[in-house]
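Participant: The structure follows.
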Amino acid sequence: MTAQAHIFTGTEISTGRRRPSEIVAEYDAKRAALADALAAFEDAGSALKAAATIGGTWGNVTLDTGRGIYPSLLEKSLLQSAWRHVYELYGLEQIASASAKRAYEQMFSAPPPFTVENIREQFGELVSDPWGSVLRGLAEVFSGLDPAFRSHEKMKIGVKGLPKRVILDNVAGYGSWGRDRLRDILNALAAYQGKPLVEYREMEALLNGQGLLDSWTAPKDMHREEATFPARGVWLKRFQNGNGHLYFSPEALADINRALAEYYGEVLPDCPDDDARPTRQRASTAVSKDLQYYPTPAAVVDRVLADLRYRMPGQRVLEPSCGCGRFMDALRAAGADVIGCEVDPVRAALCEAKGHRVMRMNFLETVPTADFDQVVMNPPFYGLHYAKHVRHALKFLKPGGRLTAILPASARYDHGELDDLRPHWDDLPVGSFSESGTNINTVVATIRRSA
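Residue numbering for the sequence shown is 12 to 462, as defined by the working numbering.
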């Protein structure tokens, strides 16, 4: 897969497959020739009719030689064929996540112009980082099955107590959500293990009570040839209400553990403590020299502020640890009176250069003023350090004020550090912070300061 990364740059390599530029050249040539091909087809139809008539006299038999074939229909067929050809040629179905496959199916029905630039835009990430795409696909599927699979802490290599089964609603109905999710699970695991994607006969066997713990052979029937399928490491227990419990073998569970551990990785500390847990007994406001920084991606800013923008005009808003000011940019554009706090002098200067007001200091050393309507924040992810930032930020709110914080998923599912504040939780999509250097799952906590 590594060599394929060069295909989308135009570099001459030997992969045994044509480059996108060559496929686009064929597409352009065939598109230009469609009018002549249609004319030849119509001439052939006329010749066929003449061959079946004497002197042009109709024999009361209708000979439909393609009156429903139009140039626009041919162009649509050619365009959709070209996109699917590239998708299949480079084996992208094998590495794309379940959500990406659905998005591609939608795109294929009304695809953009077939150009090298558009091919790179649609498929470039899959080709440039195929293994990352496989890991992300597995994380997307499993993170929705059990909270344990969302936690980068519980998914560390060798961790004990992983879920040995997951619960699936409505696996009985054909085309149901549960059956689709079951297929997604098997395909995500297969992609990681380098096995073929699951086939219809395997799904039917599993749903009919056959475990897929070992390889097995399906006999030939009137529709399909004999085929041998690999071990999938799963078995399904179905219930009368239509739900099912999917169980994993120790080997399959170990692969899930390894894949998610590799995808989530480690969160680097932004404080000098090797373990953030001692901060419960020993408070510290010092900042490490090598401050780990995960800037908020634009898509996350848009999602978090989607329900807040209409409230912002005239609101006084604080962004602690504001970084390069991405939230402040959006808050100001929405009409808020926004102030940031940032300890790093370079990032503080970037915000000031854009006209923002910034307190240049460690947020945990600031004096609360209790005069802000809103706090919007992306505090440090490491360990339990985020909890100190959230609790300190609440002191800046007026009674009834609202705090919105992006936090690691472990804050919701593992630690319980903020449970006494009764936050409202929303999960962000898998990989929301990938462009910022971390794949850990994240959530949004919304907390009101009591009156």
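We put the CB at the ideal spot given by N, CA and C, even for glycine.
Among the residues of its own chain, which have a CB less than 7 Å from the CB of residue 445, if the five just before and after it don't count?
Facilitator: To locate residue 445, count along the sequence shown from 1; it is residue 434. None.
Participant: Give me whichever residues DSSP pairs with residue 64 in a beta bridge.
Facilitator: Here residue 64 refers to the residue found at position 53 of the sequence shown. DSSP output for residue 64 lists no bridge partner at all.
Participant: By how many angstroms is the C-alpha of residue 166 removed from the C-alpha of residue 409?
Facilitator: Locating residue 409 in the sequence shown gives position 398, where the first residue counts as 1. Locating residue 166 in the sequence shown gives position 155, where the first residue counts as 1. Cα-Cα distance, rounded: 39 Å.
Participant: Could you name each continuous alpha helix (DSSP H) segment of 4 residues or more that falls completely within the stretch 296-369, going from the start of the chain to the end?
Facilitator: Here the runs fully enclosed are 309-316, 337-344, 356-364.
Participant: What residue does the alpha helix (DSSP H) around residue 91 start on, and which one ends it?
Facilitator: Against the sequence shown, residue 91 aligns to sequence position 80. From DSSP, the alpha helix (DSSP H) with residue 91 extends over 82-100.
Participant: If contact is defined by three or more beta carbon pairs under 8 Å, each pair taking one atom from either stretch, is the stretch 209-223 in contact with the stretch 192-199?
Facilitator: Yes, they touch.
Participant: What would DSSP say about residue 392, mapped onto helix, strand or coil?
Facilitator: Taking the sequence shown and counting its residues from 1, one reaches residue 392 at position 381. DSSP places residue 392 in coil when its eight states are reduced to three.
Participant: Let me make sure I understand the geometry here. Which of 402, 418, 49 has the alpha-carbon closest to that of residue 393?
Facilitator: Here residue 393 corresponds to residue number 382 of the sequence shown, with the count starting at 1. When each option's Cα is compared against that of residue 393, the closest is 418.
Participant: Buried or exposed, going by whether 16 or more other CB atoms sit within 10 Å of the CB of residue 399?
Facilitator: Counting from 1 along the sequence shown, the entry for residue 399 is found at position 388. It is buried - the Cβ of residue 399 has at least 16 other Cβ atoms within 10 Å.
Participant: Just mark residue 517 as buried or exposed, buried being the case when its beta carbon has 16 or more other beta carbons within 10 Å.
Facilitator: Residue 517 is absent from the model: the chain starts at 12 and stops at 462.
Participant: Looking at the secondary structure, which residues open and close the alpha helix (DSSP H) in which residue 145 lies?
Facilitator: Residue 145 sits at position 134 when you count from the first residue of the sequence shown. 141-154 is the span of the alpha helix (DSSP H), which, as asked, contains residue 145.
Participant: Would you please state the rounded distance, in angstroms, between the beta carbons of residue 319 and residue 453? I believe it to be under 8 Å.
Facilitator: Counted from its first residue, the sequence shown places residue 319 at position 308. Counted from its first residue, the sequence shown places residue 453 at position 442. Wrong, their Cβ atoms sit about 17 Å apart, outside the cutoff.
Participant: Whole-angstrom Cβ separation of residue 323 and residue 309, contact assumed at under 8 Å?
Facilitator: Locating residue 323 in the sequence shown gives position 312, where the first residue counts as 1. Locating residue 309 in the sequence shown gives position 298, where the first residue counts as 1. Actually they do not touch by this definition, with Cβ atoms about 17 Å apart.
Participant: In terms of alpha-carbon separation, which member of 238, 161, 107 lies closest to residue 136?
Facilitator: Position 125 of the sequence shown, counted from the first residue, corresponds to residue 136. Here the closest residue by C-alpha is 107.
Participant: Using the beta-carbon count (16 or more within 10 Å), is residue 124 buried or exposed?
Facilitator: For the purposes of this step, residue 124 is taken as the residue at position 113 of the sequence shown. By the 10 Å Cβ count, residue 124 comes out exposed.
Participant: Using the beta-carbon count (16 or more within 10 Å), is residue 234 buried or exposed?
Facilitator: Taking the first residue of the sequence shown as position 1, residue 234 is located at position 223. Counting Cβ neighbours within 10 Å, residue 234 comes out exposed, since fewer than 16 surround it.
Participant: Using the C-alpha atoms, what's the distance from residue 122 back to residue 390?
Facilitator: Working through the sequence shown from its first residue, we reach residue 390 at position 379. Working through the sequence shown from its first residue, we reach residue 122 at position 111. For residue 390 and residue 122, the distance between alpha carbons rounds to 40 Å.
Participant: If I measure Cβ to Cβ from residue 41 and keep anything under 7 Å in the same chain, skipping five residues before and after, which residues do I get?
Facilitator: For the purposes of this step, residue 41 is taken as residue 30 along the sequence shown, with counting starting at 1. Excluding residues within five positions, the ones whose Cβ falls inside 7 Å are 89.
Participant: Give every residue of the same chain whose Cβ lies closer than 7 Å to the Cβ of residue 407, excluding the five residues on either side of it in the sequence, and list them in chain order.
Facilitator: Looking up residue 407 in the sequence shown gives position 396. Only 329, 379, 380, 381, 383, 386 meet the Cβ criterion.
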